[in-house]
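The sequence shown begins at 0 in my numbering and counts up one residue at a time. In this text, a Cβ means the ideal position worked out from N, Cα and C, and glycines have one as well. This one's a predicted model, so the numbers in the text were calculated from it and none came from an experiment.
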Amino acid sequence: MSYGLLKGKKGIIFGALNNQSIAWKVAEKCHEEGAEFILSNAPIALRMGELNELAEKTGSEVIGADATSVEDLGKLFDAAVEKFGKIDFILHSIGMSVNVRKGKHYTEMNYDWLEKGWDISAVSFHKVMRVAWEKDCMNDWGSILALSYIAAQRTFPDYNDMSDNKAYLESIARTFGYYWGEKSKVRVNTISQSPTMTTAGSGVKGFGGFFGYADDMSPLGNASAEDCANYCVSMFSDLTKMVTMQNLFHDGGFSNTGVSQKVVNKYDMNAPE
């Protein structure tokens with residue numbers, strides 16, 4: 000059901016890869032709610048060709064950009080301004096760890112790989128906002144979001160340096176969010192999503208265990224990619240104009256649950272079957 004929450008709003012969505020991606024679901028929901036947007040991803044992702052399917056479905060333009068390149072981002076935002084004038088929302092759904100991909104343990108970190116993943120997963124969010132800031136291309140009361148994970152606050156074995164990347168990402172949102180609010184009432188937030196079966200998430204060793212444990216711990220269960228997309232739409236809408244500089248847990252209650260009865264029963268030998 001569409002409510003027209005984003006009617007007339009324009010934006011840029013970074014990071015849609017395939018129909019498992021949260022950014023893909025966000026794009027579909029934004030389109031349903033009346034928004035127009037540009038889809039962007041790194042050139043290597045565009046060569047896979049799947050993003051063209053989403054672009055056709057949502058009537059969107061695809062513009063490749065390396066989010067770690069200020070030059071690429073400048074060209075992207077220039078194209079957005081030419082197409083839309085000022086924009087109302089940005090989604091940063093970008094993350095990658097070379098150490099995770101290559102199976103390098105956290106205690107044996109390759110620091111060159113660390114810097115690459117840090118730049119892609121966290122610093123790119125600062126670069127996106129910096130370019131938007133310098134080009135003054137956000138409408139007043141706009142909304143900028145990035146996707147995070149609770150490993151920024153808690154230790155999850157094998158999530159590796161992505162934990163550090165997410166912590167830095169959230170810090171950038173708080174700090175830059177202050178300046179955006181002062182300048183033009185633009186709000187900046189991160190959404191800490193449940194473990195979600197995306198291409199990126201499933202690449203983390205032991206991810207199935209993260210997913211199952213979180214589902215058992217959360218009174219509402221894990222939030223799906225579709226649920227996250229709905230939340231993003233609400234954050235892009237005018238219904239959340241006074242929410243900024245927050246890390247918003249969207250995890251079915253996992254972040255505030257000490258232990259669930261389901262988990263207790265797994266370890267209590269006297270619990271009923």
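Nearest to residue i (by Cα), restricted to the options the options
i, options, result
"Asp135", "Lys85, Phe248, Asp160", "Lys85"
"Tyr158", "Gly207, Ile143, Asn229", "Gly207"
"Leu168", "Lys103, Glu55, Ser120", "Ser120"
"Ser39", "Pro156, Gly251, Thr106, Leu90", "Leu90"
"Ser236", "Ala222, Phe155, Val80, Trp140", "Trp140"
"Phe124", "Lys82, Ile149, Ser170, Val262", "Ser170"
"Glu60", "Trp132, Phe13, Thr239", "Phe13"
"Thr174", "Ala150, Arg129, Ile149", "Arg129"
"Gly220", "Lys184, Ala131, Ser254", "Ser254"
"Val262", "Lys240, Met241, Tyr212", "Tyr212"
"Met196", "Met0, Lys8, Leu5, Asn17", "Asn17"
Residue i (DSSP reduced to helix, strand or coil)
i, result
"Arg46", "coil"
"Leu4", "coil"
"Ala150", "helix"
"Asn18", "coil"
"Met137", "strand"
"Asn221", "coil"
"Glu60", "strand"
"Ala54", "helix"
"Ala26", "helix"
"Ala131", "helix"
Extent of the continuous beta strand (DSSP E) run through residue i
i, result
"Gly251", "Unbroken run through Gly251: none, as it is neither H nor E."
"Ile89", "86-91"
"Val187", "186-192"
"Gly10", "9-13"
First and last residue of the uninterrupted alpha helix (DSSP H) at residue i
i, result
"Ser77", "The sequence shown places Asp at residue 77, rather than the Ser named in the question. Its alpha helix (DSSP H) spans residues 69-83."
"Phe235", "224-235"
"Glu35", "No alpha helix (DSSP H) holds Glu35; the beta strand (DSSP E) holding it covers 35-39."
"Tyr110", "110-117"
"Ala172", "161-183"
"Asp214", "206-216"
"Val122", "Counting along the chain, Val122 falls outside any alpha helix (DSSP H), and DSSP gives it neither H nor E."
"Val97", "97-100"
"Lys240", "Taken as a continuous stretch (DSSP letters only), Lys240 belongs to no alpha helix (DSSP H), as it is neither H nor E."
"Gln260", "260-266"
Report yes or no: do three or more beta-carbon pairs, one from the region 227-247 and one from the region 19-27, lie closer than 8 Å? With the cut-off at 8 Å, the region 227-247 and the region 19-27 touch.
Taking one C-beta from the region 92-103 and one from the region 159-178 each time, how about it: are there three or more such pairs within less than 8 Å? yes
Pair every Cβ in the region 110-118 with every Cβ in the region 135-146, then say whether three or more of these pairs are closer than 8 Å. no
At least three beta-carbon pairs within less than 8 Å, the region 183-190 to the region 233-251: yes
Are the region 28-36 and the region 58-75 touching by the rule of at least three beta carbon pairs closer than 8 Å? yes
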